[in-house]
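Top line first, the protein sequences correspond to chains E and W. Note that my numbering numbers the first sequence so that position 78 is 1560, with each residue one more than the last. Note that my numbering numbers the second sequence so that position 74 is 81, with each residue one more than the last. All residues carry an ideal CB built from backbone N, CA and C; glycine is no exception.
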Amino acid sequence: MNDPMMPSIWRIKNYRTETADTFTIDLVNEHGQDGMTGMHFQPGQFNMLYLFGAGESAISISGDPRNKDVLTHTVRAVGTVTRALARLKRGDVIGVRGPYGSPWPVVEAIGNDVLIVAGGIGLAPLRPVIYHLIAEREKYGKVTLLYGARSPVDILFRQELEKWRGRFDMQVEATVDNARQGQTWHGNAGVVTGLIPRAGFDPSQTTVMICGPELMMRFTIIELQKRGIEEDAIHVSMERNMKCAIGLCGHCQLGPEFICKNGPVFRFDRIRDSFRKREI
Amino acid sequence: METLEPLIAEHPFFRDLPREYIHLITGCASNVRFDAGQYLFREEDEANQFYLIRQGKIAVEVFTPQQGRLLIQTMGAGEVLGWSWLVPPYKWRFDSRAIELTRAISMDGKCLRAKCEDDPRLGYELFKRFSAIIAERLHATRLQMLDIYGTSE
């Protein structure tokens, strides 16, 4: 049996700057099984990226689950490891452990409308869901993406957002907290919860997936509940400091749950009690 | 002659308002349109109306000497713009500009205030509706001020 703490070696095939502090890397495993250079994963799962000499960081997979050629991660450079990762370039190698964690409920959502609410970097773990929904579009009802960012220059995957918005089978609404003169922006301004009334959905037939800062998720849930969405139809992706990623070390414990093993994606009714606890 | 009564009655802000009140406030209403880029009002202008947006999109902005125009909110069809007509000294606190062709019903604040004085039940009904909007926007503003998407450090 493979040692779950042992990373495999992956090479950076592409490096793209997304925003001032966020970048995307495409990785290939040149020694992958059956000649596959990518990774089998489910939307919502994450990997531990290991920069030798700096440390490990848990990063959601942001690529297309159907693409078996590359493994894509979008990273925000905010800590020691992620800042060091940001300095990497094409051809460099890193260690990868994973994939880990629970997926978004894309199978359970079949036949339902799907409402995706993302804030900031929270769009990255949801992008694989969007790729999946587009690939299997006929299996789902109305698909709506609501996205909030700090300002127009902080919008993640802007070109893709514009492309998705142009589709006839998907509603995409984006909003920014504010926009300065000179920043090209003809979209909405205000908090992402303000977009919810514009997303027409049948509360009894809708699966909701939310990822973003916990405060944003909290208020999004309140807005959704006001409109009749039940707790068991809401799914959130939680973030805590992860270390082992296999439910042993306890670093990411949230009440009775280990985020790395039982999450990061949770049905809201299962973590409701821990969600608003101030001590954890 | 066709009146604005049906348009006012179907706007979400006045949903379920008793028919006699819809009829009463229609006397304070006028149909307006703003081309993209046109200002609805500017900061410090007298605030003697509010707008029921029917179509289009408007921006609420504040001008700062260092940063120029700062967009802080947008509103679209079904939303209501402006409560400064309710509160002395009846001055706009922000600029508002149409981002795209916008059609709206403009409600005359002076006219409405007079009707509310005459009929406190109408006044209470209007204040309840505006209070909900003011609370919602205060809440949204607080969230914006928290800069929740900023760095976690």
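- The C-beta of W:Leu150 comes closer than 7 Å to at least one C-beta of chain E.
- Scanning chain W for C-beta atoms nearer than 8 Å to the C-beta of E:Phe1740 yields nothing, as the closest lies near 21 Å away.
- By the Cβ-count criterion, W:Glu143 is exposed, with fewer than 16 other Cβ atoms from all chains shown falling within 10 Å of its own Cβ.
- Of all residues in the region 67-85 of chain W, those with a C-beta nearer than 7 Å to a C-beta of chain E are Gln74, Gly75, Arg76, Leu77, Leu78, Ile79, Gln80, Thr81, reading in chain order.
- Contacts with chain W (Cβ-Cβ distance below 8 Å) from the region 1661-1674 of chain E involve Ala1661, Arg1662, Gln1663, Gly1664, Trp1667, His1668, Gly1669, Asn1670, Ala1671, Gly1672, Val1673, listed in chain order.
- At least 7 Å separates the beta-carbon of E:Arg1647 from that of E:Ile1603.
- For the C-beta of E:Phe1701, the chain W residues within less than 7 Å are, from N- to C-terminus, Leu150.
- Exclusion of the five residues before and after W:Arg136 leaves Phe20 as the residues of its chain whose Cβ lies within less than 7 Å of its Cβ.
- In chain order, Leu1608, Leu1627, Met1691 place their CB closer than 6 Å to the CB of E:Ile1598, counting only its own chain and leaving out the 5 sequence neighbours on each side.
- The three-state secondary structure of E:Met1521, taken from DSSP, is coil.
- Residue nearest to E:Arg1640 within the set E:Asp1651, E:Thr1657, E:Val1625, E:Phe1650 is E:Thr1657 (criterion: CA-CA distance).
- Counting along the chain, E:Asp1508 sits inside the beta strand (DSSP E) bounded by residues 1504-1510.
- Inter-residue distance for E:His1733 and E:Ala1540 is about 12 Å (C-alpha atoms, whole angstroms).
- W:Asn38: member of the beta strand (DSSP E) spanning 36-41, first to last residue.
- Interface flag for W:Ala36 against chain E is unset, since no Cβ pair is found closer than 7 Å.
- If you draw a straight line from the Cα of W:Trp90 to the Cα of W:Asp23, it comes to about 20 Å.
- Gly1630, Ala1631, Arg1632, Asp1636: these are the residues of the region 1624-1647 of chain E whose beta carbon lies less than 8 Å from some beta carbon of chain W, given in chain order.
- For the C-beta of E:Gly1601, the chain W residues within less than 9 Å are, from N- to C-terminus, Ile155, Tyr156.
- Here E:Met1698 is near W:Ile155, since their CB atoms are less than 7 Å apart.
- Taking a C-beta distance under 7 Å as the contact criterion, E:Asn1660 and W:Ile79 qualify as a contact pair.
- Separation of the CB atoms of W:Ala36 and W:Met114 is rounded to 6 Å, and the pair is thereby assigned contact status at 8 Å.
- If you ignore the 5 residues before and after E:Pro1547, its C-beta comes within less than 7 Å of the C-beta of Phe1523, Gln1524, Pro1525, Pro1610, Tyr1613, His1614, all in its own chain and listed in chain order.
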